[in-house]
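Working notes, beginning with the structure itself.
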Amino acid sequence: MFTKRPIAATASQDQLVWKILFDRQTALLHKRAAPAFGQGLARLGMRRDALPDIAALSATVQAHTGWRLAPVGRPFEPNHFFELLAERQFPIVTRIRPMHAFDFSPQPDLFHDLFGHVPMLLDEGLADFLHGLGQAYCAQPEGSPAREQLWALYFFTAEFGLVQHEGQPLLYGAGLLSSAGEIHHCVNENTPRPVFDLATVLRTPVTGARYQNQYFVLPAWEQLNDCVAELAGLLATA
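Under the working numbering, the first residue of the sequence shown is numbered 20, with each subsequent residue one higher.
See the structure below:
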């Protein structure tokens, strides 16, 4: 007979998963993550020994960049996701990955969202970039090819982006920051890491269920918001 696990046992296992992932990722990201990530993580006061309080984190993020965190039970479809971005809200999946998926989770989970995304939301440049993407997406008609292009731009920046900093390509995308397997694949010398080019990114297929074929490196952090303006020009003439 199937027996449901007690809530206390579930919470205990979730805490263990968080602790192991937190320790592993902070060790792997030493000298590999963009400065904005480490600064955000410190400001949020995330700890290895306690699952974060989403409401408290939301209040901190709102005080810095005007964004709020929206707890959800599962990942959203792109339409609803970008609608939230346009309102300066970021969805946080409240389920954490099981132990067998430590290295790579094909779907966003609590660790991916809180550890990977939220520290970066304290950076005004990234926060404004996401808001601009949300607005641009919602301005396009449903079924428009432009929406797929905007999804690709989000995917290869906020999820799997790198930025050049002091001569080194550093990680800032949440899919990299939260996944040991993705980090090892990304830094492998055989994995292509071309310089970010908007036109190339927009036509690159998105693959969410496995490691990426390539990762794009921004030459400078300021280019993140520049590409939103460039994209707006492309969409206006399409």
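Just so you know, even glycine gets a beta-carbon here, dropped at the ideal spot from N, CA and C.
Proximal residues to residue i (C-beta, below 8 Å), its chain only, five neighbours per side dropped
i	result
A239	V182, Q183
A89	L103, Q108, F109, P110, I111
Spatially closest choice to residue i from the options, by CA coordinates
i	options	result
A55	A46, D142, L70, D72	D142
L76	D68, W86, R67	W86
E161	G92, P90, N244, F101	F101
I39	F215, F148, R116	R116
A53	A177, R229, V225	A177
L35	L48, R66, R62	R66
A78	R62, V91, G92	R62
N207	Y234, A46, G151	Y234
N209	Q231, P224, S198, L189	Q231
Residues of its chain near residue i, where Cβ-Cβ distance is below 6 Å and the 5 sequence neighbours each way are ignored
i	result
Q159	A165, R166
Bounding residues of the alpha helix (DSSP H) (the contiguous stretch that carries residue i)
i	result
A55	54 to 63
H204	199 to 206
Own chain, CB closer than 7 Å to residue i, minus 5 neighbours either side, in chain order
i	result
W251	It is worth fixing the name first, because residue 251 is Ala in this sequence and not Trp. Closer than 7 Å at Cβ, skipping near neighbours: A155.
P25	Bear in mind that a pLDDT of 37 at P25, under 50, signals an unreliable position, so the number given afterwards is only what the model happens to contain. Closer than 7 Å at Cβ, skipping near neighbours: no residue.
T84	L140, L141, E143, A146
Y173	L152
Rounded distance between the beta-carbons of residue j and residue i, thought under 8 Å
i	j	result
F148	V247	6 Å
F215	L237	5 Å
Residue i: first and last residue of the uninterrupted beta strand (DSSP E) it sits in
i	result
P188	187 to 190
Q159	No beta strand (DSSP E) contains Q159, which DSSP labels as neither H nor E.
Original post:
Taking contact to mean at least 3 C-beta pairs separated by less than 8 Å, is the stretch 110 to 122 in contact with the stretch 181 to 195?
Top reply: Too few Cβ pairs lie closer than 8 Å, so no.
Subject >> Sufficient close CB pairs (3 or more, under 8 Å) joining the stretch 130 to 138 to the stretch 58 to 71 >> reply: In short, these stretches touch, since the Cβ pair count reaches three.
**OP:** Tell me, please, whether the stretch 136 to 156 touches the stretch 58 to 68 by the rule of three or more beta-carbon pairs shorter than 8 Å.
**Re:** When C-beta atoms of the stretch 136 to 156 are compared with those of the stretch 58 to 68, three or more pairs fall below 8 Å, so the two segments count as touching.
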